[in-house]
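What follows is a set of notes on a single structure, which appears directly below.
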Amino acid sequence: MKEALRVRSGYEKRRGPVVLVIMDGVGFGKYKEGDAVAAAHTDTLDGLFASCPWTSLNAHGTAVGLPTDDDMGNSEVGHNAIGCGRVYAQGAKLVNKSIEEKTVFTGKVWKKLVSQAVDNDGTMHFLGLLSDGYVHSHMNHLKALIEQAKRDQVRKVRVHALLDGRDVGETSALDYFEPFEAYLSELSDDSFDARIASGGGRMVITMDRYNANWDMVKKGWETHVLGEGRQFASASEAITVLRDETGAIDQDIPPFVIAEDGKPVGAVEDGDSFILFNFRGDRALEITKAFEAEELQEFDRKRVPDVEFAGMMEYDGDLHVPKQYLVPPPTITRTMAEFLCSSGVRQFSISETQKFGHVTYFFNGNRTGKFDKNLETYEEIPSDILPFEQRPWMKCAEITDRVLQVIASGDYELIKLNFPNGDMVGHTGIYQAVLCSIEALDLQLGRLVKSVKDAGGIMVISADHGNSDDMFEHSAKTGEVVLRPDGKPKAKTSHSLNPVPCIIYDPEYREDYRLELKQGLGISSLAATCIELIGFEPPEDYDPSLISWHT
Numbered sequence: 000m001k002e003a004l005r006v007r008s009g010y011e012k013r014r015g016p017v018v019l020v021i022m023d024g025v026g027f028g029k030y031k032e033g034d035a036v037a038a039a040h041t042d043t044l045d046g047l048f049a050s051c052p053w054t055s056l057n058a059h060g061t062a063v064g065l066p067t068d069d070d071m072g073n074s075e076v077g078h079n080a081i082g083c084g085r086v087y088a089q090g091a092k093l094v095n096k097s098i099e100e101k102t103v104f105t106g107k108v109w110k111k112l113v114s115q116a117v118d119n120d121g122t123m124h125f126l127g128l129l130s131d132g133y134v135h136s137h138m139n140h141l142k143a144l145i146e147q148a149k150r151d152q153v154r155k156v157r158v159h160a161l162l163d164g165r166d167v168g169e170t171s172a173l174d175y176f177e178p179f180e181a182y183l184s185e186l187s188d189d190s191f192d193a194r195i196a197s198g199g200g201r202m203v204i205t206m207d208r209y210n211a212n213w214d215m216v217k218k219g220w221e222t223h224v225l226g227e228g229r230q231f232a233s234a235s236e237a238i239t240v241l242r243d244e245t246g247a248i249d250q251d252i253p254p255f256v257i258a259e260d261g262k263p264v265g266a267v268e269d270g271d272s273f274i275l276f277n278f279r280g281d282r283a284l285e286i287t288k289a290f291e292a293e294e295l296q297e298f299d300r301k302r303v304p305d306v307e308f309a310g311m312m313e314y315d316g317d318l319h320v321p322k323q324y325l326v327p328p329p330t331i332t333r334t335m336a337e338f339l340c341s342s343g344v345r346q347f348s349i350s351e352t353q354k355f356g357h358v359t360y361f362f363n364g365n366r367t368g369k370f371d372k373n374l375e376t377y378e379e380i381p382s383d384i385l386p387f388e389q390r391p392w393m394k395c396a397e398i399t400d401r402v403l404q405v406i407a408s409g410d411y412e413l414i415k416l417n418f419p420n421g422d423m424v425g426h427t428g429i430y431q432a433v434l435c436s437i438e439a440l441d442l443q444l445g446r447l448v449k450s451v452k453d454a455g456g457i458m459v460i461s462a463d464h465g466n467s468d469d470m471f472e473h474s475a476k477t478g479e480v481v482l483r484p485d486g487k488p489k490a491k492t493s494h495s496l497n498p499v500p501c502i503i504y505d506p507e508y509r510e511d512y513r514l515e516l517k518q519g520l521g522i523s524s525l526a527a528t529c530i531e532l533i534g535f536e537p538p539e540d541y542d543p544s545l546i547s548w549h550t
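Counting in numbering that gives the first Met the number 0, the sequence shown runs without a single skipped number right up to 550 at its last residue.
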C-alpha cells in the first residue's frame with residue numbers, strides 16, 4: 000500500500016461525496032451532421048454547460064499512451080489514464096516496439112511456440128481481429144508474426160480471423176480480407192502453407208467480455224478450434240455470401256469455416272501452437288480461459304487439444320492470465336484508488352456488465368482485486384443480452400437508482416460510475432438508437448444533479464473517448480457526409496478522435512478555486528482533479544489538475 004496523501008490545507012471539504020461520472024463514448028463532435036450528442040435533447044447537460052465550469056480534454060492518441068494522434072482512444076486506455084493520473088505507453092505502442100526491435104522473437108515464449116509447431120510438424124494458429132483499428136489488434140502485427148514463423152521453419156500457419164466493423168468501417172471487412180488472402184497466397188510456397196481457416200463477426204463469436212455472453216465464446220471455440228460450422232472455399236466468399244443473406248454489418252457476420260473437400264483446413268490438433276494476437280485484455284480473457292482452464296464450467300468444449308497457447312500480452316496482471324504471453328504489458332502502479340485507500344477514503348464503483356471492468360479492473364491499472372476490501376465496494380448491474388439498439392437506454396436508470404442510494408447513505412467519499420450508452424449503442428451505427436441513448440443518459444444526469452445538490456457533494460462529469468459524437472462517415476478531403484447507394488449517410492461505428500467534456504458541478508462552491516478550468520489537458524488530469532476535490536494534494540508526478548486554486 001502506498002503512503003497516505005497529504006491533506007490540502009485551506010480547503011474546506013464539501014458535505015457530500017465527489018461523484019465521478021464517466022459518459023462512455025461522449026465527445027464534442029467535429030461535424031454537425033452525425034453528432035448525436037449535439038442533436039439529442041439534453042436539458043441537463045445544456046444546463047450544466049451554461050452554469051458550471053467546464054473544459055474539453057484530449058482522449059485519444061498520445062494523450063492516452065497510443066503511438067500517434069491519428070489513433071483513436073478506447074475505453075481500456077481511457078480508464079487506465081483516468082485511474083492512474085498519468086500516461087503510460089499502451090498495448091499497440093509496446094507491441095510495435097517489441098516487433099521493431101525483434102525482442103518478441105528472441106523471447107522464450109515465441110521460441111517455445113515455434114519449437115512446438117516445428118518439432119511436431121504441427122500448425123501455428125493465430126486468432127484475432129483482422130483490421131488496422133489499433134484498439135484490440137493491428138494486422139501488421141499479425142503479418143510480422145507470420146513472416147517470422149516462416150523464417151523460423153514453421154511449415155503451416157492458419158489464421159482465425161475475426162471481422163471488426165467497430166473500430167473501422169462497419170462494412171470494410173473485404174478491404175482487409177481480400178488483400179490479406181492475397182498476401183498469404185504470395186507468402187506460401189512449397190515449404191510454407193498459410194491460409195485463413197475460420198472467422199466471424201466480433202460481436203457474434205469469441206470476443207465476449209465480463210462474462211456477459213459465454214455463448215459467443217462457445218461459438219468461437221467450435222468454429223476456430225473444432226472446425227465446426229458452415230463451410231466456404233474462402234473467407235472473402237463467406238463474407239460476401241453471409242452479408243447478402245443476412246444484411247449484417249461486419250461485427251455481426253455469422254461464423255464460418257474454410258474447408259476443402261468437406262474438411263476444415265484449420266481445425267486445431269494436438270502438437271499445434273496457438274497465439275491470440277489481440278493485445279487488449281477485456282475481450283481476450285474468456286477465450287483464453289477456454290484454452291487454459293483444466294475444467295471449464297461455462298460450456299462443453301467437446302475436445303481440448305494439447306497445444307502451446309500464448310497471448311500477445313498479459314491480459315490480467317493480477318491473475319497472470321494468460322500463463323504465456325509474447326509482449327509484457329505496461330506495469331501501471333500508484334493509481335488513484337490505491338492512494339485513496341492508503342488515505343482511508345471509502346470508494347464505491349459501479350456500472351453495468353458491459354463497462355463494469357472499466358471502473359474497476361482498468362481504472363485500477365489492470366488489477367482485478369481490490370486494494371482494500373474494507374474501503375472499496377464494487378457493484379455490477381447485469382447487462383441485457385440483446386442488441387444494444389433494441390435497448391438503447393441500457394441500464395443507466397438502474398445504475399442511477401443505486402448511486403442515489405449510495406449518495407444518500409453518506410458512506411463514501413468517492414463514487415465513480417460509468418454510463419455505457421454513448422459507446423455501446425454508438426458502435427451499432429443506428430443513429431436513432433444513439434439519440435435515444437444520449438437522451439436516456441441525460442435524464443439520469445438530471446437525477447444525479449438533484450441528489451448531489453441535496454447531499455452537498457461535487458459531481459465531475461467527463462468521458463473516456465468519443466463515439467456517439469461522430470456517427471456518420473465524412474470525406475477526409477471535403478468533410479462532407481459519405482452517402483450509401485440509397486442516398487442515406489453511411490454509418491460510422493468506430494470511436495472518434497474528438498475531445499471529451501469535463502464539467503464540475505459544485506452546488507456549494509465557496510470560491511476556493513477558479514471557475515475557469517485549465518485548457519489543453521488530457522483525461523489523465525481527472526485523477527488529480529478528483530483527489531483535490533476530495534481534500535488531498537495529488538502525487539507530484541500526476542498530470543496536473545484541471546483546477547487553479549485561489550491563493
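Glycine included, C-beta positions come from ideal geometry on N, C-alpha and C.
The residues ALA39, HIS40, THR41, ASP42, THR43 and LEU44, in chain order, have a CB closer than 8 Å to that of ASP441 in the same chain once the five nearest residues on each side in sequence are set aside. Beyond the five residues adjoining it in sequence on each side, SER436 comes within less than 6 Å, by CB distance, of PRO391, ASN420 and VAL424 in the same chain, given in chain order. Residue nearest to GLY343 within the set LYS101, LYS29 and PHE535 is PHE535 (criterion: CA-CA distance). For PHE273, the enclosing beta strand (DSSP E) stretches over residues 272-275.
Three or more Cβ pairs closer than 8 Å define a contact, and the region 195-215 meets that threshold against the region 247-257. Shown here for ALA490: same chain residues with a beta carbon closer than 6 Å to its own, the five before and five after excluded, namely GLU169 and GLY428 in chain order.
Around the beta carbon of LYS107, a 10 Å sphere encloses fewer than 16 other beta carbons of the protein chains shown; the residue is thus reported as exposed. For TYR411, the secondary structure class from DSSP, reduced to helix, strand or coil, is coil. Taking the Cα positions, VAL76 is about 8 Å away from PHE361.
Taking ASP315 as the centre and dropping the five residues before and after it, the same chain places the C-beta of GLY280, LEU284, TYR360, ASN365 and THR367 closer than 8 Å to its C-beta, in chain order. Using a 10 angstroms sphere on the CB of ASP69, the tally of other CB atoms stays under 16, which defines it as exposed. Taking all protein chains in view, the Cβ of LYS217 is crowded by 16 or more other Cβ atoms within 10 Å, so the residue is classified as buried.
It is roughly 23 Å from the alpha-carbon of THR239 to the alpha-carbon of SER136. With distances taken between CA atoms, MET215 lies nearest to GLY199 out of GLY199, GLY226 and GLN230. Taken in chain order, the complete beta strand (DSSP E) segments of 3 or more residues contained in the region 352-425 are 375-380 and 413-418. Here LYS96 carries a helix assignment [DSSP, helix/strand/coil]. Exposed is the label assigned to LYS301, since fewer than 16 other Cβ atoms lie within 10 Å of its Cβ. The DSSP-derived three-state label of GLY465 is strand. DSSP places PHE298 in no alpha helix (DSSP H); its state is neither H nor E. Taken atom to atom, the span from the alpha-carbon of LEU520 to that of THR61 is near 12 Å. Rounded to whole angstroms, the gap between the alpha carbons of GLN147 and LEU93 is 18 Å. Under the three-state reduction of DSSP, ILE81 is assigned to helix. ILE522 and PRO263 have their alpha carbons spaced roughly 47 Å apart. For GLY219, the uninterrupted alpha helix (DSSP H) run begins and ends at 213-219, by DSSP. Rounded to whole angstroms, the Cβ separation of LEU126 and LEU241 is 19 Å, and the two are not in contact under 8 Å.
Within its own chain, the residues whose Cβ lies closer than 8 Å to the Cβ of HIS319, once the five positions on either side in sequence are excluded, are GLU313, listed in chain order. TYR133 sits close to ASP166, with the two beta carbons spaced by under 9 Å. Judged by beta-carbon spacing, GLY28 lies beyond the 9 Å limit of VAL18, meaning their Cβ atoms are not closer than that value. Taking the CA atoms as reference points, PRO484 sits about 28 Å from PHE231. Between the region 376-383 and the region 341-356 there are three or more inter-stretch CB-CB distances shorter than 8 Å, so the stretches are counted as touching. Per DSSP, the unbroken alpha helix (DSSP H) holding SER184 starts and ends at 172-186. For a cut-off of 8 Å, the C-beta gap from VAL326 to VAL103 is around 6 Å, short enough to register as a contact. DSSP links PRO329 through a beta bridge to no other residue.
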